[in-house]
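In what follows, a structure is listed as structure tokens, so that the remarks can point back to it.
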């Protein structure tokens, strides 16, 4: 083992300081980055690091992928590393393939980790990935968030993903592999200029004479992340001072909201949208500018299945009825990703569904819930067919109890992880 290699795995170990996991999963495609990560993590294991498990996801999109997964399995077997290949064959030929493949990859890895009792997975993203992403987002006119560095780690349920190599360049890792005589897979799509990332990679080469390098852009992205984190510090303070939670609605005191700087107010509204809608991506750009303007001007507006309403005292964001009008789930399920039945009688065919106009007519004292009519319409009640069995969130429990899946604490945690 060379001194340089020792320094590299020490950098990997440093990412997990001071509490390294006991068992660590490593996502390995067979490319140079992930393969280098596997070897470095395994050397850490040999020097007191965690037990290592490798996982490869075969998306079935290239005929070579199965052979590449077998090669990863062979390398792992030679080092005594447990390895498993996961397959994805669910693409319906619709939508954004790279995005769907990415989501499937993380979902499959999360399921695998849970089955293996693994709480942490390392991903082989490098400073080059950071720089390429920066250029791609710069081309789209991104702001602070888009130009900020990738997260070094993030939580997905009980699983934490890690990017311990964001401070290392691809060439450094390939030099290490060459010194070992270890080959790697080159995905042909990495040469296809139809992909924005491939064009960004070529642009990095063209920018080298100006002194603009992958490492330099990655450093700029880290500085932008510091700016982003500072902004979210102000957002967290604003939420703690101004935000109220009421039967699934989020409410800001209007006077306090109007004192917020536009960038802080915009981010707070984004967080509120995401918390209510449960969407993976919150609106940006012009859509958020329009929502912020409506809130400032005292106008109502709908966006991402949420309803903005403004009174003299409050700025309220609630679920839009039309977004949940046709949603029905059994009472043992989760409704709208937010509500569940805590307790209730055992009645066959009982379901959770939005109250709507019919629910309010069947519950004449709905105002006891203390929420505006528009909010009440989109709250869940317990139904059997067209019969309303209970509306506990509006004061008519009738033996039922409905609770929110997440509350104030989860909102503030989400802001901390932004």
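In my numbering, the protein residues as written are -16 to 401.
Just so you know, even glycine gets a beta-carbon here, dropped at the ideal spot from N, CA and C.
Note that the structure is a prediction, hence the values are computed from the model and not measured.
Would you kindly work out how many angstroms separate the C-alpha atoms of residue i and residue j, rounded to a whole number?
i           : j           : result
residue 291 : residue 132 : 31 Å
residue 242 : residue 272 : 17 Å
residue 412 : residue 220 : Nothing about residue 412 can be reported from this structure: the residues present for the chain run from -16 to 401 only.
residue 25  : residue 263 : 34 Å
residue 134 : residue 146 : 7 Å
residue 346 : residue 334 : 17 Å
residue 43  : residue 71  : 6 Å
residue 64  : residue 111 : 27 Å
residue 352 : residue 293 : 19 Å
residue 170 : residue 14  : 8 Å
residue 83  : residue 11  : 19 Å
residue -9  : residue -1  : 14 Å
residue 244 : residue 354 : 28 Å
residue 216 : residue 203 : 20 Å
residue -7  : residue 314 : 51 Å
residue 395 : residue 214 : 14 Å
residue 101 : residue 142 : 8 Å
residue 362 : residue 267 : 27 Å
residue -3  : residue 3   : 9 Å
residue 179 : residue 160 : 27 Å
residue 381 : residue 370 : 13 Å
residue 378 : residue 385 : 11 Å
residue 85  : residue 98  : 20 Å
residue 46  : residue 309 : 41 Å
residue 239 : residue 356 : 25 Å
residue 249 : residue -11 : 46 Å
residue 316 : residue 89  : 24 Å
Please check the pair residue i and residue j, which I expect to be a contact at CB under 8 Å, by giving their CB distance rounded to whole angstroms.
i           : j           : result
residue 149 : residue 201 : 7 Å
residue 337 : residue 360 : 7 Å
residue 275 : residue 259 : The pair is not a contact, with the Cβ atoms about 16 Å apart (cut-off 8 Å).
residue 183 : residue 119 : 5 Å
residue 181 : residue 191 : About 17 Å; that fails the 8 Å criterion.
residue 140 : residue 93  : 7 Å
residue 7   : residue 35  : 6 Å
residue 296 : residue 236 : 7 Å
residue 278 : residue 298 : 5 Å
residue 402 : residue 218 : No information on residue 402 is available, as it lies outside the stretch -16 to 401 that the chain covers here.
residue 358 : residue 230 : 7 Å
residue 23  : residue -5  : 5 Å
residue 109 : residue 16  : 5 Å
Starting from the C-beta of residue i, find all residues in its chain whose C-beta is less than 7 Å away, skip the five residues before and the five after it, and write them out in chain order.
i           : result
residue 405 : An answer regarding residue 405 cannot be provided, because it is not within the stretch -16 to 401 covered by the chain.
residue 114 : 187, 197, 200, 201
residue 330 : 367, 372
residue 20  : 9, 105, 107, 148
residue 144 : 104, 106, 136, 137
residue 205 : 132
residue 176 : 182
residue 95  : 38, 67, 69
With a threshold of 6 Å on Cβ separation, who are the neighbours of residue i within its own chain once the five nearest residues in sequence on each side are excluded?
i           : result
residue 59  : 37, 66
residue 168 : 13, 14, 51
residue 254 : 398
residue 332 : 367
residue 320 : 261
residue 5   : 33
residue 56  : 66
residue 311 : 334, 336
residue 288 : 260, 303, 306
residue 158 : none
Can you name, in chain order, every residue of its own chain whose Cβ lies under 8 Å from the Cβ of residue i, other than the five neighbours on each side?
i           : result
residue 383 : 324, 326, 327, 328, 365, 372, 373, 375
residue 54  : 13, 168
residue 228 : 234, 390, 391, 394
residue 73  : 87
residue 247 : 214, 217, 218, 221
residue -16 : In this predicted model, residue -16 has a pLDDT of only 48, less than 50, meaning its place in the structure is not dependable; the value taken from the coordinates is given anyway. If we look at residue -16 and ignore the five residues flanking it on each side, its Cβ neighbours are 26.
residue 117 : 130, 200, 201, 203, 204
_Does the contact criterion of 3 or more C-beta pairs under 8 Å hold for the region 223 to 230 versus the region 148 to 163?_
When Cβ pairs closer than 8 Å are counted between the two stretches, the region 223 to 230 is seen not to touch the region 148 to 163, the count staying below three.
*Does the region 27 to 37 come within contact of the region 122 to 137, defined as at least 3 CB pairs closer than 8 Å?*
Segments in contact, no.
*Does the count of Cβ pairs from the region 160 to 172 and the region 302 to 310 closer than 8 Å reach three?*
Taking a contact to require three or more Cβ pairs closer than 8 Å, the region 160 to 172 and the region 302 to 310 do not qualify as touching.
*Please confirm if the region 273 to 285 is in contact with the region 334 to 344, defined as three or more CB-CB distances below 8 Å between the two stretches.*
For the pair of segments examined, the region 273 to 285 was found not to touch the region 334 to 344: the number of CB pairs separated by less than 8 Å stays below three.
*Given 8 Å as the limit, is there contact between the region 110 to 124 and the region 208 to 219, that is, 3 or more CB pairs closer than that?*
no
*Within the region -11 to 40, note down every full beta strand (DSSP E) run reaching 3 residues or more, in order along the chain.*
Within the region -11 to 40, the complete beta strand (DSSP E) runs of at least 3 residues fall at 6 to 10.
*Entirely within the region 134 to 184 and at least 4 residues each: give me those alpha helix (DSSP H) ranges in chain order.*
153 to 163
*Which parts of the region 81 to 115 are runs of the beta strand (DSSP E), unbroken and 3 residues or longer, counting only runs that do not cross its ends?*
Listed in chain order, the complete beta strand (DSSP E) runs (minimum 3 residues) inside the region 81 to 115 are 103 to 105.
*Whole alpha helix (DSSP H) runs in the region 235 to 312 with 4 or more residues, listed along the chain?*
237 to 242, 245 to 260, 268 to 280, 304 to 307
*beta strand (DSSP E) runs contained entirely in the region 325 to 396, provided each spans 3 or more residues*: 334 to 337, 363 to 367, 370 to 373, 384 to 387
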